[in-house]
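For reference, the structure is listed below as structure tokens.
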Ligand code: MUC
Ligand code: MG
């Protein structure tokens, strides 16, 4: 059960439908496949989706930090020594996506070695989650059409709507059109990716107060400390911290400071080891949790559902598990399927999924 090698393989798969939001745009999934090899011949896998506009990491940077710092730090450790692995990775600051992928590949290797699903090792609450689909910027008519397609094809009835544009009335018109087009039975919440100021956010939320929103997420920057506190205090829905809380300490700081009242857990950002810490903290603080999406591939979405379905708290709300549908292709041998609005974990050991070698050969960039 000892780690003998770590591979970081850059690959690129174009999006069939690019995703646009207030802090950026993704047209090509320039991700890194991380493989952890052990002396038993087991290989654990995970995906690293670098997000330069959120955490400062790039595809080349993820490969470099894994090859030069993280692989040498963990080779020789056993798969059960996950806290040692975590501590060694944390000798380097930042680089959340690279750390998370390596951590999750270790858990996958452990599950494969022991013959258990990662979901079972983490908590085993359930084998599935309801799915929330994230709608990127477009016209009101196009966003309603996409939501209808997701509902009619996959049974999805929860939507996260990207907002944060100027003028804010374009976004409020989208949310109103979604509510009018899809009716009261769908759940809607908004994510601003820090695009608005606190006062713009307050105004937009007031204008949408009759639309039955469930949450608001990162409408304005957490660095606008007093403005954000002022905003969060006046809202009548939980305010989700996402990119402002890459670590458990950030969750504590933002929540105790009054700048957030709920948290997005992204396994692409905190892996399984750190996501568990965030989950336990949220449970202790009595926070609502949403399993977030970092515009993940199918492998990334498998990690999200494996973690999210493992705990009662993370299973309560629909998880953001569907944006892989926007990619033109993927690396897995068997594509994920969202049925009746749910994504189910795969039955096999570890994460239960395999990489198609031909697809990897085709899309790899090294
Ligand atoms: C989200 O929830 O913000 C957009 C940028 C990113 O890193 O994740 C996405 C989704
Ligand atoms: Mg977000």
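In our numbering, the protein residues as written are 424 to 789.
A virtual CB, placed ideally from N, CA and C, is assigned to each residue, including glycine.
Taking just the CA atoms, how far does residue j sit from residue i?
i: residue 623; j: residue 530; result: 43 Å
i: residue 547; j: residue 730; result: 9 Å
i: residue 430; j: residue 490; result: 8 Å
i: residue 593; j: residue 630; result: 12 Å
i: residue 568; j: residue 705; result: 35 Å
i: residue 682; j: residue 740; result: 21 Å
i: residue 789; j: residue 697; result: 30 Å
i: residue 699; j: residue 733; result: 10 Å
i: residue 366; j: residue 718; result: This structure gives no information on residue 366, because the portion of the chain shown stretches from 424 to 789.
i: residue 626; j: residue 787; result: 46 Å
i: residue 505; j: residue 470; result: 18 Å
i: residue 564; j: residue 639; result: 22 Å
i: residue 510; j: residue 480; result: 20 Å
Per DSSP, residue i is paired with what?
i: residue 429; result: 459
i: residue 711; result: 685
i: residue 787; result: 434
i: residue 645; result: Answer is none; residue 645 lacks a bridge partner.
i: residue 721; result: In the DSSP output, where bridge partners are listed per residue, residue 721 has none listed.
Mapping the DSSP letters down to three states, classify residue i as helix, strand or coil.
i: residue 612; result: strand
i: residue 631; result: coil
i: residue 384; result: Outside the modelled stretch of the chain, which goes from 424 to 789, sits residue 384, for which no answer is possible.
i: residue 589; result: coil
i: residue 767; result: strand
i: residue 623; result: helix
i: residue 663; result: strand
i: residue 705; result: helix
i: residue 736; result: helix
i: residue 762; result: strand
i: residue 506; result: helix
For the ligand MUC, is there a heavy atom less than 7 Å away from the beta-carbon of residue i?
i: residue 406; result: Nothing in the structure corresponds to residue 406, since the chain is present only between 424 and 789.
i: residue 656; result: no
i: residue 446; result: yes
i: residue 484; result: no
i: residue 566; result: no
i: residue 630; result: no
The ligand MG and residue i: does the residue's C-beta get closer than 7 Å to at least one heavy atom of that ligand?
i: residue 687; result: yes
i: residue 746; result: no
i: residue 711; result: no
i: residue 793; result: Only positions 424 to 789 of the chain appear in the structure, and residue 793 is not among them; the question remains open.
Cβ atoms of residue j and residue i: under 8 Å apart, would you say?
i: residue 515; j: residue 541; result: no
i: residue 801; j: residue 754; result: The structure shown does not extend to residue 801, since the chain is modelled only from 424 through 789, so no value can be given for it.
i: residue 374; j: residue 662; result: The first residue shown for the chain is 424 and the last is 789, placing residue 374 beyond what the model contains.
i: residue 426; j: residue 459; result: yes
i: residue 452; j: residue 472; result: yes
i: residue 527; j: residue 746; result: no
i: residue 445; j: residue 650; result: no
i: residue 691; j: residue 664; result: no
i: residue 615; j: residue 586; result: yes
i: residue 398; j: residue 727; result: Here the chain has residues from 424 to 789 only, and residue 398 is not among them.
i: residue 772; j: residue 534; result: yes
i: residue 749; j: residue 539; result: no
i: residue 553; j: residue 764; result: yes
i: residue 465; j: residue 524; result: no
Would you say the beta carbon of residue i comes nearer than 7 Å to a heavy atom of the ligand GTP?
i: residue 718; result: In terms of ligand content, the structure shown lacks the ligand GTP and carries the ligand MUC and the ligand MG instead.
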